[in-house]
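Below is one structure, written out as structure tokens, with a few remarks after it.
Next up, the structure:
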């Protein structure tokens, strides 16, 4: 009987705990998913709200008006180039670009949960119902400048691609561009049909093989195990044969001979990194990739970013070796690779990318105060410092990223040239991820150029764009700071 | 019982009554609806009269009564904001439920020999459960309703009360074989109705109550394994079970088709935020089945997740109170009776809110007290009546002991 009473209490306690758990789960979901759930096109509340309320304005960090409503019509910037450069960030009138600010932040733009204070203000001023004003972290001029940079180089002109620039201290997204893009005011059906998936925001939604930029992760795994691995000796014979059908080669079949890890990183030697991955084993490399947020469920507050993939389950020796230089089934978005560079620059802590600098209601009250957050720590401070120094060599020590260097700035980075097969056709992607190590311009970036010509690399394509972006920062520090 | 002004439970009753007076009055002022005004008077009146009259009939647990009143009246309030006619219906059923509760309290207090009653209840329950497949109609994939003229009844709800009595009777006498036969027969009949949510509820309640009564962990785990096997069988053989699981995994896969209900529920919860859009506001009617299965989503939209969490805490308080009453019962039967009723109400709450919040697949059971549905509300009130009945007997015994102690110091 006594034991029975004891069990009554146990069961009641468990049931109560489960109910409390439900409440906690509900709150957690609300914190992480409410914007994602609310902004769906199927939300009838939003459809009704849009009829009753005028959408608020959208400004960039320097106060440039990016979107406003005039006589019931949504107007974007004045020139065609400026409008096109922002189309993936802001969205278009038809909502064909998924999760852009105009759709994802519609709760704020149409003031769905307006406060009592706003209602009183509206009564006094007798104004129409207007949503909140959003100020983005974006520098709109930089977005246009990046678009111009892509068409300014023979190697990148007309190519699809993407670029992301963020402040690695605060996570503010300074620029985000996806190519091809289009001017929402002149988007005719026939024009759209000539472009390669222009509605796709490649910077946040498209997953690409990261190629040699993934060597940052492999290097981190080696350094976390042995801090002195930087100067360890490796030998590159120009090829590493794993089976009759699979052997690792370097770009243009280069033979590097005896070299340290630092030199292997500088020359982006695939043979050394394949050997390193085999030596690390599948678990250590997977653990490091997880640390760098591969496989994470990204639930950023302001941005919807596709989750990166690191292959799960058992791996063949070939796949493991290829993982070492980012060529197995690994896939990541340009945004994630930018965060990876940002984490290295930020002493191993990956910032959460933010797009909303402030949200203000008509009465001028800050609805959403600014706060920065982190995704987590990806590696130790010492590993980050070693990676920073190795990435310095790549740009400033005669490595593959030399073309990105800008005098008076301290640019560091890593190039990558990834291969993939799209519809039976071999496609090469040129990557550059990097950052400026000076504390007054703490910016990290990632540039991707799709379908680069044979013989071109990330260092001869995307690095040029990176240089233009860094030069812009050098010339207009007041716009970006 | 002390009836002084400082009695905190009295104060709780007053607060609950005041809350509903104000909320109904606010809605009535907005709509200028007679129904609203009458509810603003009637609901607080029922709560106050109940709190005044019932303790004079028998010792009653005021906290449990207040919680029950609050939850039932919350159902009336939420239903009023979507369809006043439903609210009137729910309010009337609530009154009927209070009478049913009093009846159950008397039943527990008066009946001294349960054997005959139980042997009457067993064939009656099975007959009731067998009715819907024969004469019922299909609603939402399950054939679990019967219609008597304009009256629609859900036998599986009525049998819940009988099931608790049967479980407590057989478990307290340790005659397990007949019990096993009865429970299996019930589950089989529910499977025939394709009412798998209720079948799951019956199964879990029976199994957990068996563990509570016997403490026999190996058998309980074996039962759980059988249940898992049954669930797998159901998943393989019922298309609508597979669909429910698929919706639970990713409702957005088919957000205008199969996933529509859950997507709309989650959208409503998201638009409510932490503190809600406000009483009577939002668009609750865009959620399918917003009167019963998804009523928690409507609560969350209007009052916010904070209040939704408070409602969950109220259910937790109800469970703890029920278990305390069970623990101080004088006989094994009474203890199991109170605990069984508590367990059933708790599990039902977990199943439906877990489904609405996308933690488990939707099971389509009602939220006790709150959901629209006459049979369900009356059955829940009867279950509380069983708990209250045991509680009142405990109180009587306590008074008796005190009396004896005073006579023979």
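Chains as they are written, first to last, in the working numbering: chain A, 1 to 481; chain B, 482 to 890.
Note that CB positions come from ideal geometry on N, CA and C, so glycine has one too.
Since this is a predicted model, take the numbers as computed values, not measurements.
I'd like to know whether the C-beta atoms of residue 15/A and residue 831/B end up nearer to each other than 8 angstroms.
yes
Limits of the unbroken alpha helix (DSSP H) element including residue 31/A:
2-38
Does the distance from the CB of residue 86/A to the CB of residue 77/A come in under 8 angstroms?
yes
Can you list, in chain order, the residues of its chain whose CB lies under 7 angstroms from that of residue 349/A, leaving out five sequence neighbours each side?
343, 374 and 377
Separation of residue 35/A from residue 301/A, as counted between CA atoms:
8 angstroms
From the DSSP output, in three-state form, read off residue 430/A for me.
strand
Ordered list of alpha helix (DSSP H) runs contained in the stretch 626-712 of chain B, each at least 4 residues
636-654, 657-673 and 677-695
DSSP three-state assignment for residue 233/A, whether helix, strand or coil
strand
Below 9 angstroms on C-beta distance, what does residue 44/A contact in chain B?
745, 748, 764 and 767
Residue 484/B versus residue 491/B: straight-line alpha-carbon distance, rounded
Model confidence at residue 484/B stands at a pLDDT of 46, short of 50, so the residue's coordinates are unreliable; what they give is reported in the following sentence. Near 8 angstroms, if we compare the C-alpha coordinates of residue 491/B and residue 484/B.
Using Cβ-Cβ distances below 8 angstroms, what residues of the stretch 38-63 of chain A are close to chain B?
38, 40, 42, 43, 44, 45 and 48
Helix, strand or coil, according to DSSP, for residue 973/B in the structure here?
The structure shown has nothing for residue 973/B, since chain B only spans 482 to 890.
Determine the burial state of residue 482/B: buried for a count of at least 16 other Cβ atoms within 10 Å of its Cβ, exposed for fewer.
In this prediction, residue 482/B has a pLDDT of 43, which is less than 50 and means its spatial position is unreliable; what the coordinates show is noted afterwards. Label assigned to residue 482/B: exposed.
Along the stretch 676-695 of chain B, what residues have a CB closer than 8 angstroms to any CB found in chain A?
689, 692, 693 and 694
Bounding residues of the beta strand (DSSP E) (the contiguous stretch that carries residue 126/A)
Premise fails: residue 126/A is in no beta strand (DSSP E) and is neither H nor E.
What first and last residue would you give for the alpha helix (DSSP H) that runs through residue 477/A?
477-480
Does DSSP put residue 483/B in a helix, a strand or coil?
Since pLDDT at residue 483/B reaches only 44, below the 50 mark, its modelled position is unreliable, and no value is offered.
Cβ neighbour criterion (16 or more within 10 Å) applied to residue 600/B
exposed
Boundaries of the alpha helix (DSSP H) in which residue 572/B is found, first to last residue
565-591
Does any residue of chain A have a CB that is nearer than 8 angstroms to the CB of residue 844/B?
no
Kindly say whether residue 736/B, judged by its beta-carbon, lies nearer than 8 angstroms to any beta-carbon of chain A.
yes
Can you name, in chain order, every residue of its own chain whose Cβ lies under 6 angstroms from the Cβ of residue 858/B, other than the five neighbours on each side?
574 and 578
Are residue 280/A and residue 222/A touching if we call contact CB-CB under 8 angstroms?
yes
By how many angstroms is the C-alpha of residue 6/A removed from the C-alpha of residue 598/B?
29 angstroms
State whether the stretch 811-820 of chain B contacts the stretch 867-874 of chain B, with contact taken as three or more CB pairs (one from each stretch) at a distance under 8 angstroms.
yes
Looking at the strands, I want to know which residues DSSP matches up with residue 413/A.
434/A
For chain E, is any of its Cβ atoms less than 8 angstroms away from the one on residue 823/B?
Given the protein chain composition of this structure (A and B), no chain E is represented.
Based on Cα-Cα distance, which residue from 457/A, 55/A and 100/A lies nearest to residue 200/A?
100/A
Whose CA, out of 729/B, 668/B and 745/B, lies closest to the CA of residue 707/B?
668/B
Between the stretch 132-139 of chain A and the stretch 52-62 of chain A, do at least 3 Cβ pairs fall closer than 8 angstroms?
yes
Nearest neighbour of residue 197/A, chosen from 209/A, 179/A and 263/A [CA to CA]
179/A
Please give me, in chain order, every unbroken run of the alpha helix (DSSP H) with length at least 4 that falls completely inside the stretch 50-132 of chain A.
80-90, 101-104, 106-109 and 116-125
Measure the beta-carbon distance from residue 165/A to residue 448/A and round it to whole angstroms, keeping in mind my assumption that it falls under 8 angstroms.
With a Cβ gap of about 13 angstroms, residue 165/A and residue 448/A do not count as contacting.
When the Cβ atoms of the stretch 604-617 of chain B are set against those of the stretch 651-662 of chain B, are three or more pairs found closer than 8 angstroms?
no
If the cut-off is 7 angstroms on Cβ atoms, which residues from the stretch 103-132 of chain A count as contacting chain B, listed in chain order?
112 and 113
One question on the structure: do residue 483/A and residue 789/B come within less than 8 angstroms of each other, judged by their Cβ atoms?
Since the displayed chain A opens at 1 and closes at 481, residue 483/A lies outside it and no answer follows.
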